[in-house]
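Protein chains: 2
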Amino acid sequence: MNISAAQVKIFYIITFLVIMNSNAQSLEGYDLWLGYSKIEDPVILPEYQRHTKSIFFNNGSAVLETAQKELVRGIDGLLGQPSNIHNSQSLLNTMWVSKKMDLDKDIVKPFKADFEQIGKEGFIIKSITVNDNSILLITANEDIGILYGVFKLLQLMKMHKSFEGINIVDVPKIELRMLNHWDNLDRTVERGYAGFSLWNWQKLPEYIDPRYEDYARANASIGINATVLTNVNANSLVLTSAYLDKVAALAEVFRPYGIKVYLTARFSAPIEIGGLNTADPLDKDVIEWWNDRAKKIYKIIPDFGGFLVKANSEGQPGPQNYGRTHVDGANMLANALRPFNGMVIWRAFVYSELDTTDRAKQAFTEFVPYDGNFLDNVLVQVKNGPIDFQPREPFHPTFGAMPNTPLVMEFQITQEYLGFSSHLVFLPKLYEEVLDAETYRKGKKSTVAQVIDGSLFNSKISGMAGVANIGTDLNWTGHPFAQANWYGFGRLAWNPYLSSEAIAEEWLRLTYSNNSEFVEPVKSIMISSREAVVNYMTPLGLHHLMDTGHHYGPGPWVSDLSRPEWNPTYYHQADKDGIGFDRTPSGSNATSQYSSEIAEIFNAPETCPEEYLLWFHHLPWDYKLKNGEILWDAVALKYQEGVDQVGEMISIWKQAKTYISDDQYNEVRMLLEIQLKEAKWWRNACLLYFQTFSGKKLPPGVELPEENLEFYRSLKFPYAPGN
Amino acid sequence: MNISAAQVKIFYIITFLVIMNSNAQSLEGYDLWLGYSKIEDPVILPEYQRHTKSIFFNNGSAVLETAQKELVRGIDGLLGQPSNIHNSQSLLNTMWVSKKMDLDKDIVKPFKADFEQIGKEGFIIKSITVNDNSILLITANEDIGILYGVFKLLQLMKMHKSFEGINIVDVPKIELRMLNHWDNLDRTVERGYAGFSLWNWQKLPEYIDPRYEDYARANASIGINATVLTNVNANSLVLTSAYLDKVAALAEVFRPYGIKVYLTARFSAPIEIGGLNTADPLDKDVIEWWNDRAKKIYKIIPDFGGFLVKANSEGQPGPQNYGRTHVDGANMLANALRPFNGMVIWRAFVYSELDTTDRAKQAFTEFVPYDGNFLDNVLVQVKNGPIDFQPREPFHPTFGAMPNTPLVMEFQITQEYLGFSSHLVFLPKLYEEVLDAETYRKGKKSTVAQVIDGSLFNSKISGMAGVANIGTDLNWTGHPFAQANWYGFGRLAWNPYLSSEAIAEEWLRLTYSNNSEFVEPVKSIMISSREAVVNYMTPLGLHHLMDTGHHYGPGPWVSDLSRPEWNPTYYHQADKDGIGFDRTPSGSNATSQYSSEIAEIFNAPETCPEEYLLWFHHLPWDYKLKNGEILWDAVALKYQEGVDQVGEMISIWKQAKTYISDDQYNEVRMLLEIQLKEAKWWRNACLLYFQTFSGKKLPPGVELPEENLEFYRSLKFPYAPGN
């Protein structure tokens, strides 16, 4: 072969690569943030080549094998050449991947404190010098730390970060970092907008869909270590032997990625599959049945995580059916799981049609008195706000109010009430707002994040749960940018003090491009997207305005549902005199559930942050806001602002076209068009409806609705997904 | 760059390719039979390089653009280099792709007869010599022929066929080659076992999932030119404007691939979405409503194909609700569609609980008298057998009995009654058996294929429909080998005289490997698979033994369903004296619906093919078969044979391991294990049950069931898919 022939061949092969890539276009997005294409940057590439010249990987367990497999996959892809991995150490190594116990004591000594800090799950990535050789060290106390360290290393490489003088000591601040799948056994997903359930129960346990492992990889790469496979509106059948075998097969796939499997436990299971005539948690037979069932489960799945329970909520059975309390129910299950180190996660999402007080108050009222009464393997899971995953809610007053109970934060990642998988809404911005909120429960600097990570009250265990947005769609989440919500949830569960902006940047660089001409403007789309959805759906503290059942689109007029607190009219209280829910002492007094410092701020319309104004106050239509606008105009202008923000997102996205593939561009462009259409729909429907009370004209700058109110009221969506 | 550096780089790049490939492993199967990886064969590669050196592609329409895109994609992938395409002709061209009208008259003259033969959809691939230059010519009369020719060319290349002296003149023998999707608007798929519906109605029309185009490509590559998007158990809503806009968006994606969109029309739509109080086909308002609806549809979708209708069958509304006939109903719709050249495809799958005659006779009885009464844009669609997609049925007696009505063959591709997507069952073997069946309606050589392709009775139009097995699974069909059923259906719709063995070979080579060490043994698995499923489910003419509703697994004992003909006991008629359904003149006389030549053969147990024995005869348990076995022993041994055949399939597959990727191997191996488990389940359940009548021991060679009959009767599958 002469030089030019070789060059020609290289040209062909490179072309071929491009073609391969174009052949795979339809599968854009399957790789999530884990695509490993070759790094072309001429500065960083030689550095990476130097560091990876000879890698010592100290193997020895299933998790470590996984870590090595991931490292090889990543390095091979990023450097475009097969990685040089050795399972025995040599002087020529340029990288060491090894647990502390397998390292030379002299190497370890200088950073003993780091090892103490990283605990079981943390890792260290450090540039060290041994016998004048510069070595990149990835180390940890336990196998899982090595896996997390490897994923971090690859993320750094994807972002072209230099390893010179690197010294990362990282450890998750929250113990249980879990996804909640609201997946039914028929593979429909309640509030699922990305296709259907990944779990193919029919073919399990024999058939292991390759996607199960890809799911585990993605989760492990962002530190998620627990997954609840089934819907909180639970089905007892999943606790029968036939299904437990299937669950065990999934657990086996997830185990090498450090992920434990949990199930939802239907409280009436002893009746439904146990043949008993009661599920009373104090009944001997019931107790025995659950003890026995726990034994069965742990025999098949020795590292089973535990149960997530929705009890006495929205029709689910629970201990109250037998005159018992949440504590009775949770502790009974906790006793059954305790011999096996299993956890009970008991949801505090409760409200009752029999309770005539403000729905926003009920969970607090019901649970706070139980503080300290739960066994120590019980965690109470609380939604971020006191109603239900609205575009904006003040933080749930229970956070900080149960110092002796570990509280799990429940965020939603799926976008119920938030445009489903058609709208680009970057949720870490919402998570951040909640986590950063001050509870004042131990003075200033008592944030929700400090409650959640256990630092405020020195909790023994901590957890954060996200209602998954994952389904069978090729790109997992329906909207490509919904991947960022999965990613961001994982990152914040690892470290609830991260900024949403940093997360957006990380995700964009890992997923699309390191080019700042792309990253910066698109990051601005992400950051503004959450405020946009608040504006075009529920501005100024409005909430729960959606249509019934499917929760798709606006339905502020709905007032005829059997349970009063299911009606939007219950929440906005619009009438000729004004709009909003009075939750101050003159109203429901829900503010009293917050610390006095917070309550005081919320109680006065003048001090209440305007984004919560109508959440806490019923105000006249001509009430003057800080900027001088009257309330009606402000509401209308906020709706318009939301629509305009989506328009702006589209303009920015069009600028991004040149930096990504046509398919990547078009996919988001099409979805943004849906978002714009639906933002206008929300604006038009809500303003026309509220106008029937305010009797005022739309202020200048607000576009006139294309249709009349009757049109918007007439729309029906019998097959909207996720219902 | 010196030589060795270049070589090293090439090595790296090649390695990279391998890695790219391994990164994509989880997506194995998405490409179907259309993967274009580089040809490594040292003999054929230079020939292809020579032929593709300079390609003249005569462009000019959307379909031709598609054809060029496909050609580029294929050639680039197969040759590993960018193809050299010119849209203007030159002396240097080595390949011409051009319609007849754009070719020089002197070129065309010598094969004028070929052009006459290929009609609208056919194509010619021919090696010709022009001015001493050897040119590979792909030509056709119409755009669509060019597209089909391009796909054929690429298929030949994938199979390493030489182009020397090539002279292919190919044309589809059947006009409507259509898929029937039993997809519901909520994305569940009736009898769907490959996930859920591809049609994301929620995001249509704005969001075009890239899979829609990939779906169209796959269909066009095998000649499918029509798709019915919705379930025959129909929902009127799809005929409303909101949905028609969505349908139009799909039609737009499919159009450049030569595929027309059809919908199912619910007969009561004028009531449900039209606000009328009747759907009587002779009512003026009803007629006007359908005429008007047709206009609406064609305004949005100018090339809309037409309606598929299931009427007065299994609870679907129809003309009989108003005392009218199938002819009244079909012709009313045909009149509405006729101005736009639309078709009505009226299903003959009817049977009634009020009709006490043998269900197998009812469709024939009801439809044959209408022969000649339908308008000429009506086709009647008949299932392959007289019951319902059983593992084996004799051909439907209606084929050949309606000489004045074009009959569409309805095959199922999805595997209801055939192990769902867990069992490897190569259905073209079944299709072939039906198509090759002699009807004797115009003497010998009057096969079902000749009825279907219109040649026997000189029909004006012809059609073949397949109930699709396509869903959201990454590999489209759940079981990788179920792709072969989609492929094979398309091939037989193009040419119903192809052999199933040739199709199996084609598909294996296009999908997996050209290596005959792989192809030959795996082909033997495919070819034997259909007889295996007959043996382990319903041997010797038994049928309809499945469990209720989901049709998953055996339920021969079921006898308590409200409609007698829904019970398996109705079909097997087992009692102490024997087993089987007497359809001879001494019984239901269903044989009289066949031509006398066929009836005579079926009527006598001695001449009746043993594979149909218990379909047509009730025989004593000790009836002697041709091989001397008594009936009970023969039934038992057939069940065992089915199980053994699956065992053999597994042994052969294990030998194939070295020729394919680990993922490709493991996927099928896991599924074969399910098939083996379920084959045993069928054997055990059926034999234990029939044994309660025969009172005889299992003959030597038949394995004893692991569980007792009560166990098998107790199994419940509330979430089996496709229900």
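Which chain is which? The protein sequence lines are C and H, in order. Okay, so the first sequence: first residue is 710 according to the working numbering, each after it adds one. Okay, so the second sequence: first residue is 710 according to the working numbering, each after it adds one. Quick reminder that beta carbons are idealized off the backbone N, C-alpha and C, glycines included. Only a predicted model underlies this, so the values are computations on that prediction, with no experimental measurement involved.
Cβ-based neighbour list, residue i, same chain, cut-off 7 Å, excluding 5 preceding and 5 following
i	result
T1257(C)	G1264, V1267 and L1270
G1446(H)	Residue 1446(H) lies beyond the residue range present for chain H, which begins at 710 and ends at 1432; the question has no answer from this structure.
F872(C)	E756, H760, S836 and L845
I1096(H)	R1068, A1069, E1102, H1252 and H1253
N1432(C)	G1258 and H1259
K1389(C)	V1352
With 16 other Cβ atoms within 10 Å as the buried cut-off, status of residue i
i	result
K821(C)	exposed
P1294(C)	exposed
L1346(H)	buried
T1401(H)	exposed
Y857(C)	buried
N1050(C)	exposed
G1410(H)	exposed
Q826(H)	exposed
Q1099(H)	buried
K810(H)	One detail in the question is off: residue 810(H) reads as Met in this sequence, not Lys. Exposed.
K718(C)	In this prediction, K718(C) has a pLDDT of 44, which is less than 50 and means its spatial position is unreliable; what the coordinates show is noted afterwards. So K718(C) ends up on the buried side.
D1342(H)	buried
N842(C)	exposed
S1360(C)	exposed
S906(C)	buried
I723(C)	In this prediction, I723(C) scores a pLDDT of 39, lower than 50, which makes its location untrustworthy; the coordinate-derived value is nonetheless stated afterwards. Exposed.
M868(C)	exposed
Contact under 8 Å by Cβ, residue i with residue j
i	j	result
R1033(H)	V941(H)	no
A903(H)	S1130(H)	yes
M804(C)	T775(C)	no
N889(H)	A1174(H)	yes
L1046(H)	F1016(H)	yes
A1213(H)	A1193(H)	yes
Y1335(H)	E1319(H)	According to the sequence provided, residue 1335(H) is Lys. The question's Tyr does not apply to it. For K1335(H) and E1319(H), yes; Cβs fall inside 8 Å.
Own chain, CB closer than 6 Å to residue i, minus 5 neighbours either side, in chain order
i	result
Y1279(C)	P1273
E922(H)	V962
I833(C)	D823, T848 and V878
A974(C)	F1016 and V1018
Rounded Cβ spacing between residue i and residue j (contact assumed at less than 8 Å)
i	j	result
A1072(H)	F1104(H)	At roughly 13 Å, the Cβ-Cβ gap does not stay under 8 Å, so A1072(H) and F1104(H) are not in contact.
D783(H)	L865(H)	First, the residue type needs correcting, since residue 783(H) is Gly and not Asp in the sequence shown. Not quite, the Cβ-Cβ distance comes to about 11 Å (not below 8 Å), so this is no contact.
L1165(C)	S1155(C)	6 Å
L885(H)	G1172(H)	3 Å
A859(C)	V806(C)	Correcting the residue type first, residue 859(C) is Val in the shown sequence and not Ala. Yes, V859(C) and V806(C) are in contact; Cβ-Cβ is about 7 Å, under 8 Å.
K955(H)	I1383(C)	So it is not a contact: roughly 12 Å between Cβ atoms.
P1189(C)	Q1364(C)	Wrong, their Cβ atoms sit about 17 Å apart, outside the cutoff.
L1133(H)	L953(H)	L1133(H) to L953(H), Cβ: 39 Å. No contact.
Sequence-distant residues of its chain with Cβ nearer than 8 Å to residue i (five each side left out)
i	result
S763(H)	N793, H795, S799, L801, N802, T803 and M804
Report the residues of the region 739 to 766 of chain H with a CB closer than 7 Å to any CB of chain C, ordered along the chain.
Y739, Y745 and K747
Interfacial residues, the region 1410 to 1432 of chain H to chain C, with Cβ spacing under 8 Å
P1427, Y1428, A1429 and P1430
Anything in the region 1363 to 1390 of chain H with a Cβ closer than 9 Å to a Cβ of chain C? List those residues in chain order, please.
D1372, N1375, E1376, M1379, L1380, E1382, I1383 and K1386
Taking Cβ-Cβ distances below 8 Å as the criterion, which residues of the region 1156 to 1181 of chain H are in contact with chain C?
T1181
Quick one: which residues of the region 887 to 920 of chain C get their C-beta closer than 9 Å to a C-beta of chain H? List them in chain order.
N893, L894, D895, R896, T897, Y902, G904, F905, N909, W910, Q911, K912, E915, Y916, I917, D918, P919 and R920
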